[in-house]
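In the UniProt record's numbering, the protein residues as written are 1 to 286.
Built from N, CA and C at the ideal position, the CB exists for glycine as well.
Below, the structure is given as structure tokens:
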């Protein structure tokens, strides 16, 4: 876990959040499956050939080539490889990986997932500060199989940014598990999660990814979203993000991760303050 000191206490820097994301990804990658030599040869050769083609078609100069090398070096030094890949590449990997899966739609995981969040009951409030800013949100639903069978004991991992757009364990000043938890559904697969509506946020722009965004005149914004991993024995895991109808940058998410099926339309809570929304998850059999 990253320790924030000095100036980093004032804001989440690219280097600080990038190093935390890199460490988390390195741990995840150690358990990943290795590809065969033939597969590596095919993918690496086609990637390199595609780069060659871009250079030839666009008559890339030595100055541009040197700028690319410097930027790639800086990307690594800033610890932003996970951020770069998750923002601009992962949505296509997710699309291919789940093209034949039935059930609810998924999307990218992103770089800010942390495993082993606190386990909570079927109706629960995510860990948060006593004075947590933001509009209260009741997120509720049911987890079923594709044939409609309820899935008792399904787990719903949720994590999201706070009202300032920051994630716990990736920004200074936040409790370790702030707005992170694993809810265990009841015997009918039902769950109710009390939290707050997150804010849209910019990905870090003071590092290599920010330099690319500035040079290409792109924007750096992601729409407000809830991250979820939904799992049940004998079924495929769903990794997804849920967005908010009418929210800023839902139509032009820098990560290109928004799908129509993933847009929530909350309404005023029937009891208490804030909003509520119902969203059911349908899991495909493994």
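Residue i (DSSP reduced to helix, strand or coil)
{"i": "residue 52", "result": "helix"}
{"i": "residue 286", "result": "coil"}
{"i": "residue 320", "result": "As shown, the chain starts at 1 and ends at 286. That puts residue 320 outside it, with no answer to give."}
{"i": "residue 45", "result": "helix"}
{"i": "residue 183", "result": "strand"}
{"i": "residue 58", "result": "helix"}
{"i": "residue 248", "result": "coil"}
{"i": "residue 191", "result": "strand"}
{"i": "residue 256", "result": "coil"}
{"i": "residue 275", "result": "strand"}
{"i": "residue 71", "result": "helix"}
{"i": "residue 2", "result": "Reliability of the predicted coordinates at residue 2 is poor, the pLDDT of 36 falling under 50, and the value obtained from them is presented with this limitation in mind. Residue state, collapsed to three classes: coil."}
{"i": "residue 76", "result": "helix"}
{"i": "residue 212", "result": "helix"}
{"i": "residue 65", "result": "helix"}
{"i": "residue 160", "result": "coil"}
{"i": "residue 322", "result": "This structure gives no information on residue 322, because the portion of the chain shown stretches from 1 to 286."}
{"i": "residue 226", "result": "strand"}
{"i": "residue 264", "result": "strand"}
{"i": "residue 137", "result": "strand"}
{"i": "residue 281", "result": "strand"}
{"i": "residue 114", "result": "coil"}
{"i": "residue 143", "result": "strand"}
{"i": "residue 95", "result": "helix"}
Status (buried if at least 16 other CB within 10 Å, exposed otherwise) for residue i
{"i": "residue 271", "result": "exposed"}
{"i": "residue 373", "result": "The structure shown does not extend to residue 373, since the chain is modelled only from 1 to 286, so the question has no answer here."}
{"i": "residue 268", "result": "exposed"}
{"i": "residue 148", "result": "exposed"}
{"i": "residue 286", "result": "exposed"}
{"i": "residue 107", "result": "buried"}
{"i": "residue 227", "result": "buried"}
{"i": "residue 96", "result": "exposed"}
{"i": "residue 214", "result": "exposed"}
{"i": "residue 50", "result": "exposed"}
{"i": "residue 92", "result": "exposed"}
{"i": "residue 62", "result": "exposed"}
{"i": "residue 54", "result": "exposed"}
{"i": "residue 48", "result": "exposed"}
{"i": "residue 130", "result": "exposed"}
{"i": "residue 167", "result": "buried"}
{"i": "residue 64", "result": "exposed"}
{"i": "residue 7", "result": "Low confidence applies to residue 7: its pLDDT is 36, below 50, so where it sits in the model is not reliable, and the reading given next is rough at best. When all chains shown are included, residue 7 counts as exposed."}
{"i": "residue 58", "result": "exposed"}
{"i": "residue 196", "result": "buried"}
Nearest-angstrom Cβ-Cβ length linking residue i and residue j, presumed shorter than 8 Å
{"i": "residue 170", "j": "residue 113", "result": "Actually they are not in contact, since the Cβ atoms of residue 170 and residue 113 sit about 10 Å apart, beyond 8 Å."}
{"i": "residue 262", "j": "residue 243", "result": "6 Å"}
{"i": "residue 249", "j": "residue 266", "result": "In fact, because the Cβ distance is near 17 Å, the residues do not count as touching under 8 Å."}
{"i": "residue 300", "j": "residue 164", "result": "For the chain, the structure presents residues 1 to 286; residue 300 sits outside this window and is missing."}
Euclidean distance between Cα positions of residue i and residue j
{"i": "residue 105", "j": "residue 90", "result": "15 Å"}
{"i": "residue 179", "j": "residue 79", "result": "24 Å"}
{"i": "residue 85", "j": "residue 230", "result": "23 Å"}
{"i": "residue 194", "j": "residue 162", "result": "14 Å"}
{"i": "residue 189", "j": "residue 240", "result": "18 Å"}
{"i": "residue 137", "j": "residue 100", "result": "33 Å"}
{"i": "residue 34", "j": "residue 151", "result": "32 Å"}
{"i": "residue 237", "j": "residue 217", "result": "37 Å"}
{"i": "residue 258", "j": "residue 41", "result": "33 Å"}
{"i": "residue 83", "j": "residue 209", "result": "8 Å"}
{"i": "residue 135", "j": "residue 69", "result": "44 Å"}
{"i": "residue 115", "j": "residue 128", "result": "17 Å"}
{"i": "residue 176", "j": "residue 220", "result": "26 Å"}
{"i": "residue 273", "j": "residue 132", "result": "14 Å"}
{"i": "residue 284", "j": "residue 88", "result": "27 Å"}
{"i": "residue 225", "j": "residue 110", "result": "11 Å"}
{"i": "residue 282", "j": "residue 232", "result": "10 Å"}
Discussion item. Counting beta carbon pairs with one atom in the region 134–147 and one in the region 267–279, are three or more of them shorter than 8 Å?
Written reply: yes
Worksheet item: Should the region 201–220 be regarded as contacting the region 148–159, the criterion being three or more beta carbon pairs within less than 8 Å?
Response: no
Fill in: Touch test, the region 171–191 against the region 115–124, Cβ-Cβ under 8 Å, three pairs minimum
yes
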